[in-house]
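Plus 16 on top of the position in the sequence shown (first one is 1) and you've got my numbering.
The block underneath contains the structure these notes are about, expressed in structure tokens.
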Amino acid sequence: MTIRVAIAGPRGKMGSEAVHTVMKNDQMELVAVLDHREIANSLENYTEFPNTYHVPVFRNLEDLFKTSKPDVFVDLTAPEAVYKHTKEALENGVRPVIGTTGFTDDQLDELTELSANLQLGAIIAPNFAIGAVLMMKFSQMAAAYLPEVEIIEMHHDRKLDAPSGTAIKTAQLIQENRRSHKQGHPNEEETLPGARGADFEGLRIHSVRLPGLVAHQQVLFGGEGQLLTLRHDSFNRSSFMSGVKFSIEKVMQLDELVYGLENIL
Ligand SMILES: NC(=O)C1=CN([C@@H]2O[C@H](COP(=O)(O)OP(=O)(O)OC[C@H]3O[C@@H](n4cnc5c(N)ncnc54)[C@H](O)[C@@H]3O)[C@@H](O)[C@H]2O)C=CC1
Ligand SMILES: O=C(O)C1=N[C@H](C(=O)O)C[C@H](O)C1
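See below:
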């Protein structure tokens with residue numbers, strides 16, 4: 017069976033990679049894309065894509081769903097748009113595969129409930145790269161033995177959300193194996209606000225933003241006389257594409273929302 021796919025954010029750094037990934041896959045058909053500015057009526061009219069990409073471009077998601085009837089909706093847009101898009105997909109019977117980060121806990125809970133009520137599969141993956149998923153799982157394992165942890169995530173300077181979705185997911189997984197406690201000196205004071213990073217139940221997350229970076233994270237575990245460092249680097253966006261392909265296939269078999277690829281790999 018061919019999977020009918022729609023992609024939101026087709027001209028972005030991730031979205032354009034995802035367009036090529038789906039177009040190259042003969043088990044998938046790219047039936048539509050959602051864009052929100054400088055709209056053309058077909059992908060072939062955008063300079064980024066070859067003139068063989070006859071894929072309709074929509075500005076309105078409801079219209080896209082009604083006209084193109086996708087099975088799966090892939091979102092690679094922006095934090096401000098993603099919750100609404102995901103909800104709309106579920107309400108239209110379309111399975112979301114979401115790479116966009118920046119959900120609140122309440123939004124995740126609400127979408128999980130909606131997906132369960134509709135018995136419709138959904139995947140929200142803070143990181144599609146297998147190496148990053150392994151880094152998160154290894155971090156969770158290590159936290160049981162080395163509970164003093166700090167996360168340093170490093171991204172390109174066009175990133176809108178901080179900390180990254182990956183850093184938040186890593187912290188959540190670590191907290192399943194570590195009791196919440198304040199780290200550092202009990203009397204420590206920040207003489208410059210923010211110097212100790214964001215506080216996630218006592219675990220500190222530091223966000224670096226610099227041109228030249230793509231997506232990188234270090235998880236540092238300190239112990240008596242020792243330091244364990246787990247590090248993952250994405251050097252380009254193709255590192256995420258096997259996870260995008262896997263998720264499009266996998267979501268067709270699910271009847272609930274899965275948050276994080278570690279739950280289904
Ligand atoms: N889960 C994962 O493995 C990964 C997730 N990401 C996330 O994916 C998202 C996109 O990242 P990039 O491609 O680097 O960003 P980008 O800024 O290069 O691309 C975003 C695209 O979405 C479009 N867009 C924004 N709002 C929209 C809306 N309301 N409707 C339709 N299109 C809209 C923009 O015009 C742009 O073309 C970010 O949230 C980022 O954190 C990025 C890399 C990997
Ligand atoms: O914005 C990005 O680039 C990335 N976003 C995701 C995140 O917030 O974790 C995944 C990856 O780190 C790249």
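Backbone N, C-alpha and C define an ideal beta-carbon position, used for all residues, glycine too.
- Message: Please determine whether the Cβ atom of THR63 lies at a distance below 8 Å from any heavy atom of ligand 1.
- Response: Not under cutoff, so the answer is no.
- Does DSSP put ARG253 in a helix, a strand or coil? It is helical.
- In its own chain, which residues sit with a C-beta less than 6 Å from the C-beta of ASP123, not counting the 5 before and 5 after it? The amino acid at residue 123 is misidentified as Asp; the sequence shows Gln. Excluding residues within five positions, the ones whose Cβ falls inside 6 Å are TYR99.
- Query: Cβ-heavy atom distance between GLY181 and ligand 2 below 8 Å?
  - Reply: With a cut-off of 8 Å, the C-beta of GLY181 is classified as near ligand 2, since at least one heavy atom of the ligand falls inside that distance.
- Mind checking PRO202: buried by the 16 CB within 10 Å criterion, or exposed? Exposed, by the Cβ-count rule.
- Message: Using a 10 Å radius around the Cβ and a threshold of 16 neighbouring Cβ atoms, would you call ARG247 buried or exposed?
- Response: Counting C-beta atoms within 10 angstroms of its own C-beta, ARG247 has fewer than 16 neighbours from the protein chains shown and is therefore classed as exposed.
- Query: Does the Cβ-Cβ distance between ILE167 and ALA138 come in under 9 Å?
  - Reply: Result no, Cβ atoms of ILE167 and ALA138 do not sit closer than 9 Å.
- Query: What residue range is occupied by the uninterrupted beta strand (DSSP E) comprising SER223?
  - Reply: Segment 219–225, the beta strand (DSSP E) holding SER223.
- Query: Does at least one heavy atom of ligand 2 sit under 8 Å from the Cβ of PRO142?
  - Reply: Taking non-hydrogen atoms of ligand 2 into account, the C-beta of PRO142 is found less than 8 Å away from one of them.
- Hey, ALA22 and VAL149: beta-carbon distance below 9 Å or not? The criterion of a C-beta distance shorter than 9 Å is not satisfied by ALA22 and VAL149.
- By Cβ distance, which residues of its chain are closer than 7 Å to MET39, with the 5 residues on each side in sequence left out? For MET39, where only same-chain residues beyond five positions count, the Cβ hits under 7 Å are LEU46 and TYR69.
- Message: Just to confirm the assignment: which complete beta strand (DSSP E) runs, minimum length 3, are found wholly within the segment 164–220?
- Response: DSSP runs (the beta strand (DSSP E)) wholly in the segment 164–220: 164–171 and 214–216.
- Message: Just checking ASP173 against ligand 2 - is the residue's beta carbon closer than 8 Å to any of the ligand's heavy atoms?
- Response: Every heavy atom of ligand 2 is 8 Å or more from the Cβ of ASP173, so no.
- Message: If you measure between the beta carbons of GLY276 and LEU189, is that distance less than 9 Å?
- Response: Yes, Cβ-Cβ distance for GLY276 and LEU189 is below 9 Å.
- DSSP on ASP51, reduced to helix/strand/coil? Coil.
- According to the Cβ coordinates, are GLN191 and GLU217 closer than 9 Å? Cβ atoms of GLN191 and GLU217: closer than 9 Å.
- Check the DSSP bridge columns for TYR275 and list the partner residues they point to. In DSSP, TYR275 forms a bridge with ILE140.
- Message: Let me check understanding here. Comparing Cα to Cα, which of LEU281, ARG253, MET268 and ASN279 lies closest to MET30?
- Response: By alpha-carbon distance to MET30, the top candidate from LEU281, ARG253, MET268 and ASN279 is ARG253.
- Three-way DSSP call (helix, strand, coil) for ILE280 in this model: ILE280: coil per DSSP, three-state reduction.
- Item | The alpha helix (DSSP H) enclosing LEU106, as first and last residue numbers | Taken as a continuous stretch (DSSP letters only), the alpha helix (DSSP H) holding LEU106 covers 95–107.
- Query: With distances taken from CA atoms, which of GLN199, ASN61, GLU169 and LEU127 is nearest LYS185?
  - Reply: When the alpha-carbon of LYS185 is set against those of GLN199, ASN61, GLU169 and LEU127, the nearest one is in GLU169.
- Query: Using 8 Å as the Cβ pair cut-off and three pairs as the minimum, do the segment 254–272 and the segment 112–123 touch?
  - Reply: Because the criterion of three Cβ pairs below 8 Å is met, the segment 254–272 and the segment 112–123 touch.
- Are there 16 or more other CB atoms within 10 angstroms of the CB of MET157, so buried, or fewer, so exposed? Around the Cβ of MET157, a 10 Å sphere holds fewer than 16 other Cβ atoms; the residue is exposed.
- Taking 8 Å as the cut-off, is the CB of ASP177 close to at least one heavy atom of ligand 2? Yes, since a heavy atom of ligand 2 falls inside the 8 Å radius drawn around the Cβ of ASP177.
- Query: Which term fits GLY228, buried or exposed, when burial requires 16 or more other beta carbons within 10 angstroms of its beta carbon?
  - Reply: Exposed, by the Cβ-count rule.
- Query: Which class does ASP42 belong to by DSSP, given the choice of helix, strand or coil?
  - Reply: Under the three-state reduction of DSSP output, ASP42 falls in the coil class, being neither helix nor strand.
- Query: Going by beta carbon distance, what residues of the same chain come within less than 6 Å of ALA178, once the five residues before and after it are set aside?
  - Reply: SER223, listed in sequence order.
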